[in-house]
Amino acid sequence: MSLSLRLGGSFLNEALLGWVPRLTLGLGASKTSGIARDSRLDDLKKQIEANNGQPPFMIDNGTILRAAPKKKMSHRRHRTKLYTPGDKQMHPLNNIVRCPACGHVKRSHFMCMHCFAEIRTFLKGKKRENGLIKDVENPQSDLDPVDERILYPGKFVQEDERMLQKKEWIPVREEPLMYNSKQTKHIKR
């Protein structure tokens, strides 16, 4: 049925196209009709009006920030995202905000990882000052070089490996002798 409608639609005359009902694209009709409007759009409109027409959370290219994946998507996950019904598909993360302290991008209701790293380094420094954390010294740092060579001999390089490490290991072609026509054998006719 749909194929016949598609084929029939391609052969309609322009005169018959007037009979096909037209869709109205009224902007004010969305409030009066039964179609529910997303409340986030209203919130976005209010934020734009409050910021003097500047959209919130914009980067240089003018797009609204969204979450980016940290790892490569597996084959199964990719197929799930593409081909499952709408309720089972992966939904985009819309809860991306800027950290009020440092201005980096983070998910709402989560701690900013930039601030977390700063706090962690600050607290570790305080613990070092108070003596709670002591830097571990390497007990073998004061070894004599001879003792160190005996204890840690390193990698044993065989003769053929040593030859390969040299730059002349590639065979070099010998220079050819000068050509002399008298030295060639002539064919008798």
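Take 14 as the starting number for the sequence shown in this note's numbering and just add one per residue.
In this text, a Cβ means the ideal position worked out from N, Cα and C, and glycines have one as well.
Is residue i helix, strand or coil when you go by DSSP?
| i | result |
| --- | --- |
| V159 | helix |
| K119 | strand |
| I109 | strand |
| T93 | helix |
| E187 | coil |
| D148 | coil |
| D56 | helix |
| S194 | helix |
| K101 | coil |
| F135 | helix |
| C128 | helix |
| N65 | coil |
| H88 | helix |
Measure the alpha-carbon distance for residue i versus residue j and round it to whole angstroms.
| i | j | result |
| --- | --- | --- |
| E187 | E181 | 14 Å |
| G144 | A130 | 21 Å |
| P152 | V159 | 16 Å |
| E62 | I146 | 52 Å |
| K58 | V149 | 57 Å |
| S87 | T93 | 10 Å |
| L190 | R202 | 28 Å |
| S194 | F169 | 54 Å |
| G116 | D51 | 28 Å |
| R90 | D56 | 32 Å |
| H104 | G66 | 28 Å |
| D157 | R175 | 27 Å |
| E172 | I183 | 16 Å |
| G167 | E161 | 10 Å |
| V110 | N64 | 16 Å |
| F135 | A114 | 16 Å |
| G99 | L106 | 15 Å |
| T97 | Y165 | 58 Å |
| K85 | R53 | 30 Å |
| K198 | L177 | 42 Å |
With distances taken between CB atoms, is the gap from residue i to residue j smaller than 8 Å?
| i | j | result |
| --- | --- | --- |
| C112 | K101 | no |
Query raised in the report: Is the region 136–145 touching the region 117–126, taking contact as three or more C-beta pairs under 8 Å?
Result: no
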